[in-house]
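Have a look at the structure below, then the notes.
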Amino acid sequence: MNWEVGSGLNIGVILLTVIIVAAMLIWVERRLLSLWQERLGPNRVGPFGLLQVVADMIKIFTKEDWVPPFADKFSFVLAPAIIMVAILLSFAVVPFAPGVGVIDSNIGVLFVLAMASIGAYSVMLAGLSSDNKYALLGSLRAAAQMISYEVFMGVSLLGVVALSGSFNLREIVLAQADGWYVIPQFIGFVIFLIAGIAESHRLPFDIPEAEQEICAGYHTEYSGMKFGMFFVGEYLGLVLISSLITVLFFGGWMGPEFLPPIIWFVIKSFIFIAFFILLRAAIPRPRYDQLMSYGWLFLLPLSLLNLLVTGAIILST
Amino acid sequence: MSLLFYLAAFVAVISTVAVILQTNVVHALIYLILSLLSVAVIFYVLGSPFAAVLEAIVYAGAIMVLFLFVIMMLNLGQHTRDQEKKWLSLKGWILPCLLAGVLLFQLVSVLSSYDQNMAPETVGVLEVSALLFGPYVLAVELASILLLAGLISAYHLAKK
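For the record, the sequence lines run as chains F and W.
Per my numbering, the first sequence starts with residue 23, numbered consecutively.
Per my numbering, the second sequence starts with residue 70, numbered consecutively.
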């Protein structure tokens, strides 16, 4: 066994783990939500309801996979694949622990941003090809939201990049040996957190798929495994954003010696995943125009200001 | 490395031809995105990872999203497809093909005179930024002023 960055074993284990964790999160989310809402949640299938995911998977695989006759078949089939591929490719640059990772890239941060913007096509093509009013409305909202929030997502990261002097995520973690970047870059962290929720369109920013207003938004016409890919893709996005926050602002795998680095990484990421789920239980959805003006009029100036002040401090010391 | 280059170049050429030949606007756009991404791979293979990622972020990720956004609003249906089919008649292809053939001939003759054993050197983010904010700072500023002018005029037009 060789645990080197980029070995075949490494890639296989990371790919499998990430997908299984994303699928298990469906159960975790339902149980945690019911805990906070004083319900029980899914607890019938297997111990603690743990096999609920397996049952869901069997159901989703055996369901009829229906492509509407009025849909544009090419883009309809392509759309769910794009989001899975884009998010799974982003995991390639995430440093999980020393020696655990797929690629040690000098353009890691930029690569993640590029994949995030490619992922936007998934929801747009899904809505456009469905030829359905609700789906089109959902994907229009998704497109506007993702383009807008990508901007601050990029700008909020630049503070971290300036402090560490590298786009390499592994070097960013190593640069946090003396102190996590969440302290000097607190504003950047908050903006990245908000932009991350908007990018993975989770509640409270799930306006593209607001059930009460526009059915299920862009995936209204999807069924079977294609819907399953959107569903798991959303959880994959959640895992990705949580691990990126851990890497960029909370020192990645670093922690006291008594636990191995990978365990620290998992603990820190899970705290953020749980926080995202709690947000879903706690905060209602804003109106669409409120979301856009909040982004452009408040978050953009704030993130630019953050970058300016960070640059000034770095230059003066 | 050179196998990667030829593979990416092949995808780029085929998908760019598909952009022109597609009658469905959305499909043409998807092929254009594919073509831009394969150009990004070519940049990477040639030793410029920064240009590669910028190609993916700016062209494939931002500008093409706006194109798709506009197409979504316009709701182009069967009518435009028929129109496209009419424009793509065989007769219209003869002259452009001849002209492009002349250009291709020139290009091949120029390229074949170059030294082909040039090893690509990697140009990192730092080198590119040092150039952009060093000798080319004036060009960067001028480009940003141009973009600002575009922004302001778009705001003005939308406000009317």
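Using N, Cα and C, we set each Cβ at its ideal position, and we do this for glycine too.
- Straight across, the Cα-Cα distance linking F/Gly-68 with F/Gln-74 is about 7 Å.
- When rounded, the separation of the alpha-carbon atoms in W/Ile-111 and W/Ala-97 is 21 Å.
- Judged by DSSP in its simplified three-state form, F/Val-122 adopts strand.
- Contact annotation, F/Leu-110 with F/Leu-266: C-beta distance approximately 14 Å; criterion of less than 8 Å not satisfied.
- DSSP places F/Arg-224 in the coil class of the three-state scheme, outside both helix and strand.
- Of the candidates F/Gly-34, F/Leu-31, F/Leu-38 and F/Ala-44, the residue whose Cα lies closest to the Cα of F/Ser-264 is F/Ala-44.
- About 4 Å separates the CB atoms of W/Ser-84 and W/Ser-104; that is less than 8 Å, so the two are in contact.
- Residues of the stretch 124-155 of chain W with a Cβ closer than 7 Å to any Cβ of chain F, in chain order: Ala-125, Ile-126, Ala-129, Gly-130, Ala-131, Val-134, Leu-137, Phe-138 and Met-141.
- Put simply, the CB of W/His-96 is near chain F, with a gap under 8 Å to one of its CB atoms.
- Residues of chain W whose Cβ lies closer than 7 Å to the Cβ of F/Phe-133 are, in chain order, Val-122.
- For the C-beta of W/Phe-112, not a single chain F residue is nearer than 8 Å; the gap to the nearest is close to 11 Å.
- Using a Cβ-Cβ cut-off of 7 Å, W/Gly-193 is close to Asn-128 of chain F, given in chain order.
- Classified as buried, F/Phe-294 has 16 or more neighbouring CB atoms from the shown chains inside 10 Å of its CB.
- Spatial neighbours of F/Val-116 in its own chain (CB-CB distance under 6 Å, excluding positions within 5 residues in sequence) are listed in chain order as Ser-265.
- Apart from the 5 residues on each side of it in sequence, F/Val-40 sits with its Cβ closer than 6 Å to the Cβ of Phe-113 in its chain, given in chain order.
- Contact of F/Ser-97 with chain W is assigned, a C-beta pair being separated by under 8 Å.
- Going by beta carbons, F/Ala-164 and F/Tyr-240 fall inside the 8 Å limit.
- Exposed is the label assigned to W/Thr-191, since fewer than 16 other Cβ atoms lie within 10 Å of its Cβ.
- The beta-carbon of F/Leu-191 is placed no less than 8 Å from the nearest beta-carbon of chain W.
- Look at the beta carbons and you see the stretch 204-221 of chain W not touching the stretch 136-150 of chain W: under three pairs across the two are nearer than 8 Å.
- For F/Lys-155, the closest of F/Ala-238, F/Pro-120 and F/Glu-256 by C-alpha to C-alpha distance is F/Ala-238.
- In the three-state reduction of the DSSP assignment, F/Pro-283 falls in the helix class.
- W/Ala-125 and F/Val-134 have their C-alpha atoms spaced approximately 11 Å apart.
- By the criterion of a C-beta distance shorter than 7 Å, W/Ala-87 is surrounded in its chain by Tyr-100, once the five residues flanking it on both sides are discounted.
- W/Thr-92 and F/Val-35 have their C-alpha atoms spaced approximately 43 Å apart.
- Annotation: F/Asp-311 has no Cβ neighbours in chain W at a cutoff of 9 Å; minimum Cβ distance is about 15 Å.
- The beta carbon of F/Leu-215 lies closer than 7 Å to those of Ile-267 in the same chain, with the five residues before and after it left out.
- The residues Pro-102, Ile-105, His-241 and Tyr-244, in chain order, have a CB closer than 7 Å to that of F/Phe-252 in the same chain once the five nearest residues on each side in sequence are set aside.
- Counting only residues of its own chain and dropping the five nearest sequence neighbours on each side, F/Leu-313 has a CB closer than 8 Å to the CB of Gln-167, Ala-220, Phe-227 and Ile-229.
- Annotation: F/Leu-132 to W/Gly-193 spans about 13 Å, alpha carbon to alpha carbon.
- Remark: C-beta atoms of F/Arg-224 and F/Arg-302 approach each other more closely than 8 Å.
- When 8 Å is used as the limit between beta carbons, W/Phe-119 is near these residues of chain F: Ile-129 and Leu-132, in chain order.
- Within chain W, no C-beta atom comes less than 7 Å from the C-beta of F/Ser-315; the nearest is roughly 15 Å away.
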